[in-house]
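Participant: Residue numbers (the numbering used here), protein chains in the order written: chain H, 18 to 125; chain U, 18 to 125.
Ideal Cβ placement from N, Cα and C applies to all residues, glycine included.
Sharing a structure, written as structure tokens. Questions coming.
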DNA sequence: TAAGGTGCATACCAAAAGGTAAGAATTGGA
DNA sequence: TCCAATTCTTACCTTTTGGTATGCACCTTA
């Protein structure tokens, strides 16, 4: 998933938050800092490998930032950047739509 | 890409418009009916196979409708349903965001 | 001494998504 | 007669994505 050019913004947006997990992860970081373990619990069904991989890519794209504390056991906190915040705002209507759609299609 | 449950609407939404093409296709149908060939030209880079496949799935999910005319050569027109319209509305902020993001990252 | 909590990394594999190429059906027109 | 236009199908393949399993490093606590 990496093509150009696009005649609208949908293409670039999906390059950044496409895939199964990224939007959900970013959404969990909306307005709150989360530890790695927290995210693992919140994002139901994700494996550690995927979580790390997606967090790295979100970081590379400037959507989230990572803060590491030199403690034992280790502690790492993830939070959105201002760019990530702006994306979350843009995702909100889509999340609403998805919520309604899920209700209509009786997904428990 | 087909899991449940989700704790937010982002999951279901991405089940429906996830992937490389669907959102772009739906976007091209925003407020206008398009023929198959038109879409092929508008959605830059898509193959016929992908276009048909994605159109079929969008139809199954109730987002677009297909009108076939018994003419030779054949003519088929695609347009959004009201559900598809509501999704396009929800996608608009994301498209805006993507447009800005693309500018910032000098993707020509 | 052993086990557990944390945040990773890595190797290997399976599944899904996407791409390429070819062809089918129909009729009008050169 | 042969080709063009249009929508769609099919077979085959490559790439991407995601999943499972395992291990590491460090310290705390039992």
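Short check: CB of residue 70 of chain U to CB of residue 39 of chain U, under 7 Å?
Facilitator: Their beta carbons are not under 7 Å apart, which means residue 70 of chain U does not touch residue 39 of chain U by this criterion.
Participant: Does the Cβ-Cβ distance between residue 68 of chain U and residue 84 of chain U come in under 7 Å?
Facilitator: Not in contact: residue 68 of chain U and residue 84 of chain U (Cβ atoms no closer than 7 Å).
Participant: When the Cα atoms are used, what is the spatial distance from residue 42 of chain U to residue 53 of chain U?
Facilitator: One C-alpha to the other measures close to 11 Å.
Participant: Using a 10 Å radius around the Cβ and a threshold of 16 neighbouring Cβ atoms, would you call residue 33 of chain H buried or exposed?
Facilitator: By the 10 Å Cβ count, residue 33 of chain H comes out buried.
Participant: Just by C-beta distance, which residues in the region 41 to 61 of chain H are closer than 9 Å to chain U?
Facilitator: Cβ contacts with chain U come from 41, 43, 44, 45, 59, 60, 61.
Participant: What residues in the region 84 to 116 of chain H bring their beta carbon closer than 9 Å to a beta carbon of chain U?
Facilitator: Of all residues in the region 84 to 116 of chain H, 100, 103, 104, 106, 107, 108, 109, 110, 111, 112, 113, 114, 115, 116 have a Cβ within less than 9 Å of some Cβ in chain U.
Participant: Output yes or no for whether 7 Å exceeds the beta carbon distance between residue 28 of chain H and residue 30 of chain U.
Facilitator: Not in contact: residue 28 of chain H and residue 30 of chain U (Cβ atoms no closer than 7 Å).
Participant: Do residue 111 of chain U and residue 107 of chain H have their CB atoms nearer than 7 Å?
Facilitator: Cβ distance < 7 Å, so residue 111 of chain U and residue 107 of chain H count as in contact.
Participant: Counting only the same chain and skipping the five closest in sequence on each side, list residues whose C-beta sits under 8 Å from that of residue 124 of chain H.
Facilitator: Caution is warranted here: a pLDDT of 42 is assigned to residue 124 of chain H, below 50, making its placement in the model unreliable, and the coordinate value is therefore given only provisionally. Once the five neighbours on either side are set aside, residue 124 of chain H has no close Cβ partner at all.
Participant: Based on DSSP bridge pairs, tell me the residues matched to residue 85 of chain H.
Facilitator: Its beta-bridge partners are H:93.
Participant: For the candidate residues H:109, H:89, H:79, whose alpha-carbon lies nearest to that of residue 96 of chain H?
Facilitator: Checked all of H:109, H:89, H:79; the closest Cα to residue 96 of chain H is H:79.
Participant: Please decide whether residue 27 of chain H counts as near chain U, where near means a Cβ-Cβ distance under 7 Å.
Facilitator: Closer than 7 Å: yes.
Participant: How big is the Cα-Cα spacing for residue 37 of chain H and residue 59 of chain H?
Facilitator: When rounded, the distance between both Cα atoms is 15 Å.
Participant: Please identify the residue among U:26, U:44, U:90 whose C-alpha is closest to the C-alpha of residue 101 of chain U.
Facilitator: For residue 101 of chain U, the nearest C-alpha among the options comes from U:44.
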